[in-house]
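Enquirer: Chains as they are written, first to last, in the working numbering: chain B, 190 to 539; chain C, 190 to 539.
Encoded as C-alpha cells, here's the structure I'll be asking about.
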C-alpha cells in the first residue's frame with residue numbers, strides 16, 4: 190500500500206509526513222492502519238494519532254488505487270449453498286476463470302446468495318469496501334437489474350450469456366444459444382426418435398427459455414410435439430424423480446434431453462437401475478460437456494457450451510479492464526453437439 | 190476506512206483502560222476482540238465484558254474493524270488450475286464451507302497456486318493488504334510450514350486433517366485417518382478378495398501416507414501383500430491409465446481401491462469398456478463419498494470422510510474466531526465405509 194499512497198497529490202498530507210510525525214517508517218504506518226505486521230500497540234496508537242492530527246487518511250486515494258489492486262474478482266452465485274456439489278457446471282466455470290486469474294495472482298471471491306436482492310446488496314457492499322476489481326455475473330434473467338446497478342457503481346463486470354450489443358455490461362458467451370439443442374434434436378431425429386421428452390432448468394432463467402424455445406421449434410419443424418416438458422431445479426433428486434416419472438408414462442419417451450450433464454448421468458443411472466439399457470432402450474443427451482460425461486459408461490452425448498472457455502473469456506475481459514496484459518478473449522461460435530455413446534437408434538417397437 | 194479513523198475522539202475509552210479493567214495485556218484485548226491467540230474463553234468473556242462496561246469499542250482500531258469486517262475467508266489450493274473440474278472433492282469442501290459462510294454474509298476467496306512458496310507469499314500479501322479474516326489450509330504435508338507462518342502473521346487459520354493437539358493452528362478433520370481404508374479392506378476380505386491393488390494419491394501428502402500405511406498394515410495382518418500399489422496425481426487421465434495397466438497384469442487384481450471417487454468412477458468406466466462387469470468381475474472402492482457416487486450405475490462403494498462436514502466445521506471454527514455466534518463444530522469420529530453396489534463377492538477362478 191506504501192507505493193500506491195506515495196503517488197498522491199502534493200497538497201494532501203502524505204504517508205511520509207505521518208511516518209515522520211510518528212517517528213516510524215512508512216511501512217509501519219501501513220501496518221498500523223492495516224492492522225498487520227508486528228508493531229506494538231503503543232506504536233500503532235501513535236501512528237493513528239499522528240494520522241488524525243495531520244488529517245491524513247489512507248482511504249483518500251484508496252478507492253481508486255485499491256480498485257485497481259485488490260486482484261480479486263467476485264463470482265456471486267444465486268443458488269442453494271450446495272450448488273457446487275450438485276452442479277459441476279460451476280466447478281468448470283471456476284476452472285475456466287482460475288486458468289486466467291491464478292497465473293496473474295488474482296483470486297476469485299465466491300459468494301453464494303439466496304436471491305437477487307441479496308446479490309445486489311452484496312455488490313454494493315463489496316464496492317463500498319473496495320474489495321473487488323470486477324464481477325462475473327451468472328444466471329442472467331430476462332429482466333436483469335444487475336448490469337445497470339454495476340454500471341452505476343462503476344464496477345467492471347461481465348454477464349455470462351449470449352453476446353448482446355445493447356447490454357450495458359459486456360456479455361460473454363457463445364452466440365446462438367439454441368443451436369446446440371437444435372443439433373441434438375436433429376441427431377435424435379436421424380436416429381429415428383419421435384418420442385422425445387425435454388427436461389428444462391428453472392423457468393425464470395434466460396437460457397432455459399432460449400433452449401426450450403429452440404427445442405419446441407425444432408420439433409414443430411419436424412411435425413412433432415414433445416412427449417413431455419418438465420422444469421427442474423438442476424438437482425440430482427429432480428433428475429431421479431423426473432426420469433422415473435417420464436419412464437412410467439404410457440407413451441414412454443425413447444429419448445430424454447437434460448439441461449446439464451450431472452442430471453443426465455443421474456438419468457442414465459436411474460434408467461439402468463430400472464432395467465433399461467442406454468442407448469439400446471433409451472437415448473440420453475446432456476448439456477455442458479463436463480469431464481464427468483467422459484468418465485461414465487456409456488460416455489455421455491452432450492452439448493458442448495465451452496463452459497471453461499467462457500470462464501476464461503470472462504476472466505480475460507475483466508483482467509483487460511484491470512489493466513492486465515492479456516490476450517483478447519476468443520470464443521468460437523455456438524454450442525455444438527458432441528456425440529458419444531449414450532444416444533443410439535430408436536428401439537424397434539415391441 | 191476514512192470513517193474509522195475520523196471517528197476517533199480523544200475522550201474515548203482506550204484499549205489500555207480495557208486491558209487494565211480486565212487485568213490483561215492490551216495484546217490480550219486485541220486477541221479477545223479479533224478471536225486470535227490462545228486466550229481462554231473465560232478471559233475473552235472478561236475482556237469483552239470490560240469493553241462493554243467502559244463503552245470501549247474496537248471500532249476505534251483499524252485492526253479490529255478490518256479483521257472483523259472483511260467477512261472473507263481464504264481457501265488457497267496448491268493444485269493445477271483445473272482441479273475443481275477434475276476433483277469434485279474441492280467442490281464438496283467449498284459446499285461445506287459455504288453452508289456456514291453464506292448465511293452469515295461471508296465470502297470465500299479462492300486462490301489457486303503452483304507451490305508452497307507461492308502459497309506462503311500469498312498469505313503474506315493477503316494479510317498485509319488486510320483482505321481476509323482467516324484461512325483454511327488444505328493438503329497438509331508431513332513437514333508443513335504454514336501453521337507457523339500464519340501464527341506469525343496473526344491470521345486465524347485451520348488446517349484440514351486429523352486433529353493434533355500439538356499443532357500451532359487448530360486441525361479440523363476426522364480422527365483415525367486409516368480407519369476407513371482398514372474397513373474397506375476388511376469388507377473386500379470378507380467378500381473373498383485376495384488380489385487387491387491400491388491406487389494412492391501423491392506421495393508427499395500426509396493423508397496419502399496415512400492411508401497407504403493403513404492399507405499395507407491391514408493386508409499384512411491378513412497375511413497378504415498388495416498386488417500393486419501405484420501413486421497418482423488424482424486426475425481422470427491417471428485413473429484410466431492405471432486401471433488399464435492394473436487390469437493387464439498377469440495376476441489381475443479382483444479389487445481396486447482408489448484415492449477419490451472421480452478416479453473410482455473413471456476406473457469403473459474403464460473396466461466396463463474393457464468388457465468387465467462391476468462388481469461381478471471386478472470390485473471397486475472409492476474415497477470421499479461425493480454425490481457423484483450415487484449418480485452412477487452401479488452405485489459406488491466408498492469411504493465417507495464427511496468432506497462437507499469437515500468444511501462446515503472448519504468454517505465454524507474460523508467464524509467463531511471472527512466473533513460470529515456459531516454452534517460449535519461437530520465431527521463424529523472417523524472415516525467410514527459406505528457399501529453400495531460396486532463391490533461384490535470375488536469372482537470364481539476361471
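Note that CB positions come from ideal geometry on N, CA and C, so glycine has one too.
Just so it is clear, the structure is predicted and the values come from calculations on it, not from any experiment.
Check whether the Cβ atoms of residue 377 of chain B and residue 472 of chain B sit closer than 8 Å, and answer yes or no.
Expert: As a first step, residue 377 of chain B must be located in the first chain, where it is residue number 188. As a first step, residue 472 of chain B must be located in the first chain, where it is residue number 283. Against a cut-off of 8 Å, the Cβ pair of residue 472 of chain B and residue 377 of chain B comes out as a contact.
Enquirer: Taking contact to mean at least 3 C-beta pairs separated by less than 8 Å, is the stretch 326-343 of chain C in contact with the stretch 286-300 of chain C?
Expert: No contact exists between the stretch 326-343 of chain C and the stretch 286-300 of chain C.
Enquirer: Per DSSP, which one or two residues make a beta bridge with residue 476 of chain B?
Expert: On the first chain, position 287 is the one that residue 476 of chain B refers to. In the DSSP output, where bridge partners are listed per residue, residue 476 of chain B has B:492.
Enquirer: How should residue 412 of chain C be labelled, buried or exposed, when 16 other C-beta atoms within 10 angstroms of its C-beta is the threshold for buried?
Expert: Along the second chain, one-based indexing puts residue 412 of chain C at 223. With fewer than 16 Cβ atoms within 10 Å of its Cβ, residue 412 of chain C is classed as exposed.
Enquirer: Between residue 284 of chain B and chain C, is any beta-carbon pair separated by less than 8 Å?
Expert: Locating residue 284 of chain B in the first chain gives position 95, counting from the first residue. So, interface residue.
Enquirer: Here's the rule I'm using: 16 or more other beta-carbon atoms within 10 Å means buried, otherwise exposed. How should residue 254 of chain C be labelled?
Expert: Counting from one through the second chain, the residue named residue 254 of chain C turns up at place 65. Per-residue confidence for residue 254 of chain C stands at a pLDDT of 44, beneath the threshold of 50, marking its modelled position as unreliable; the derived number appears in the next sentence. Answer is buried; the Cβ neighbour count reaches 16.
Enquirer: Starting from residue 458 of chain B and walking both ways along the beta strand (DSSP E), at which residues does that stretch end?
Expert: Along the first chain, read from residue 1 onward, the residue named residue 458 of chain B stands at position 269. Per DSSP, residue 458 of chain B belongs to no beta strand (DSSP E); it is in the alpha helix (DSSP H), 450-462.
Enquirer: Could you tell me the boundaries of the alpha helix (DSSP H) in which residue 283 of chain B lies?
Expert: Numbered from 1 along the first chain, position 94 holds the residue referred to as residue 283 of chain B. Taken as a continuous stretch (DSSP letters only), the alpha helix (DSSP H) holding residue 283 of chain B covers 277-290.
Enquirer: Looking only at DSSP bridge pairs, what is residue 420 of chain B linked to?
Expert: Residue mapping note: residue 420 of chain B aligns to position 231 of the first chain, counting from 1. B:389.
Enquirer: By Cβ distance, which residues of its chain are closer than 7 Å to residue 313 of chain C, with the 5 residues on each side in sequence left out?
Expert: Along the second chain, read from residue 1 onward, the residue named residue 313 of chain C stands at position 124. Cβ within range, chain order: 342.
Enquirer: Report the residues of the stretch 461-484 of chain C with a CB closer than 8 Å to any CB of chain B, ordered along the chain.
Expert: Hits within the stretch, in order: 461, 462, 479, 480, 481, 483, 484.
Enquirer: Check whether the Cβ atoms of residue 389 of chain C and residue 292 of chain C sit closer than 8 Å, and answer yes or no.
Expert: Residue mapping note: residue 389 of chain C aligns to position 200 of the second chain, counting from 1. Residue mapping note: residue 292 of chain C aligns to position 103 of the second chain, counting from 1. No. Outside cutoff.
Enquirer: Residues in the stretch 290-306 of chain B with C-beta within 9 Å of chain C's C-beta atoms, listed in sequence order?
Expert: If the cut-off is 9 Å between Cβ atoms, the stretch 290-306 of chain B has 290, 291, 292, 294, 295, 296, 297, 298, 299, 300, 301, 302, 303 near chain C.
Enquirer: What does DSSP give as the partner residue(s) for residue 444 of chain B in the beta ladder?
Expert: By 1-based counting over the first chain, the position of residue 444 of chain B is 255. Answer by DSSP bridge pairing, in chain order: B:385, B:472.
Enquirer: Assign residue 522 of chain B to one of two classes, buried (16 or more other C-beta atoms within 10 Å of its C-beta) or exposed (fewer than that).
Expert: As a first step, residue 522 of chain B must be located in the first chain, where it is residue number 333. Per the 10 Å Cβ criterion, exposed.
Enquirer: Measure how close the beta-carbons of residue 451 of chain B and residue 481 of chain B come, nearest whole angstrom, since I'm counting them as under 8 Å.
Expert: Numbered from its first residue, the first chain carries residue 451 of chain B at position 262. Numbered from its first residue, the first chain carries residue 481 of chain B at position 292. So it is a contact: roughly 6 Å between Cβ atoms.
Enquirer: Can you name the start and end residues of the alpha helix (DSSP H) that residue 370 of chain B belongs to?
Expert: Against the first chain, residue 370 of chain B aligns to sequence position 181. From DSSP, the alpha helix (DSSP H) with residue 370 of chain B extends over 368-379.
Enquirer: Is residue 519 of chain B close to chain C, meaning its C-beta is less than 8 Å from at least one C-beta of that chain?
Expert: Residue numbering aside, residue 519 of chain B sits at position 330 when the first chain is read from its first letter. By this cut-off, residue 519 of chain B is not an interface position.
Enquirer: CA-CA distance, residue 526 of chain C and residue 493 of chain C?
Expert: In the second chain, the residue the question calls residue 526 of chain C occupies position 337. In the second chain, the residue the question calls residue 493 of chain C occupies position 304. Going by the C-alpha atoms only, they are around 6 Å apart.
Enquirer: With a cut-off of 8 Å, does the C-beta of residue 271 of chain C fall near any C-beta of chain B?
Expert: By 1-based counting over the second chain, the position of residue 271 of chain C is 82. Residue 271 of chain C counts as touching chain B.
Enquirer: Using 10 angstroms around the beta-carbon of residue 498 of chain C, count the other beta-carbons present and answer buried if the total reaches 16, otherwise exposed.
Expert: Position 309 of the second chain, counting from 1, holds the residue named residue 498 of chain C. Classification of residue 498 of chain C: buried, given that the 10 Å Cβ count is 16 or more.
Enquirer: Report the residue from C:423, C:535, C:479 whose alpha carbon sits nearest the alpha carbon of residue 444 of chain C.
Expert: Translated into the one-based positions of the second chain, residue 444 of chain C becomes position 255. Per the Cα distances, C:535.
Enquirer: Quick check: what's the CA-CA separation for residue 384 of chain C versus residue 403 of chain C?
Expert: Within the second chain, the letter at position 195 stands for residue 384 of chain C. Within the second chain, the letter at position 214 stands for residue 403 of chain C. C-alpha separation (whole angstroms): 17 Å.
Enquirer: Measure the beta-carbon distance from residue 487 of chain C to residue 505 of chain C and round it to whole angstroms, keeping in mind my assumption that it falls under 8 Å.
Expert: Start at 1 with the first residue of the second chain, and residue 487 of chain C comes out as number 298. Start at 1 with the first residue of the second chain, and residue 505 of chain C comes out as number 316. So it is not a contact: roughly 35 Å between Cβ atoms.
Enquirer: Residue 344 of chain B bridges to which residues according to DSSP?
Expert: The residue labelled residue 344 of chain B in the question sits at position 155 within the first chain. The partner list for residue 344 of chain B (beta bridge, DSSP) is empty, contrary to what the question assumes.
Enquirer: For the alpha helix (DSSP H) that contains residue 262 of chain C, what are its first and last residues?
Expert: As a position in the second chain, residue 262 of chain C is number 73, starting the count at 1. Unbroken run through residue 262 of chain C is the beta strand (DSSP E), 261-266; no alpha helix (DSSP H).
Enquirer: Would you list the one or two residues that DSSP bridges to residue 525 of chain C?
Expert: As a working mapping, residue 525 of chain C is identified with position 336 in the second chain. C:493, per the DSSP bridge assignment.
Enquirer: Just to check my reading of the structure: residue 280 of chain B and residue 273 of chain C have Cβ atoms closer than 8 Å, yes? What is that Cβ distance to the nearest angstrom?
Expert: For the purposes of this step, residue 280 of chain B is taken as residue 91 along the first chain, with counting starting at 1. For the purposes of this step, residue 273 of chain C is taken as residue 84 along the second chain, with counting starting at 1. Rounded, the Cβ-Cβ distance is 4 Å, consistent with contact.
Enquirer: Express the C-alpha separation of residue 520 of chain C and residue 386 of chain B in angstroms, rounding to a whole number.
Expert: Sequence index remark: in the first chain, residue 386 of chain B carries index 197 (1-based). Sequence index remark: in the second chain, residue 520 of chain C carries index 331 (1-based). Cα to Cα, the separation comes out at about 43 Å.
Enquirer: For residue 204 of chain C and chain B, any beta-carbon pair shorter than 8 Å?
Expert: Taking the second chain and counting its residues from 1, the one referred to as residue 204 of chain C is at position 15. Taking Cβ atoms only, chain B reaches closer than 8 Å to residue 204 of chain C, which makes this a yes.
Enquirer: Using a cut-off of 7 Å between C-beta atoms, extract the partners of residue 396 of chain B located in chain C.
Expert: Stepping through the first chain from its first residue, residue 396 of chain B is reached at position 207. Those do not exist, as residue 396 of chain B stays about 20 Å from chain C at its closest Cβ, beyond 7 Å.
Enquirer: How many whole angstroms separate the CB atoms of residue 322 of chain C and residue 371 of chain C, which I take to be in contact at a CB cut-off of 8 Å?
Expert: What you label residue 322 of chain C is simply residue 133 of the second chain in a count that begins at 1. What you label residue 371 of chain C is simply residue 182 of the second chain in a count that begins at 1. At roughly 38 Å, the Cβ-Cβ gap does not stay under 8 Å, so residue 322 of chain C and residue 371 of chain C are not in contact.
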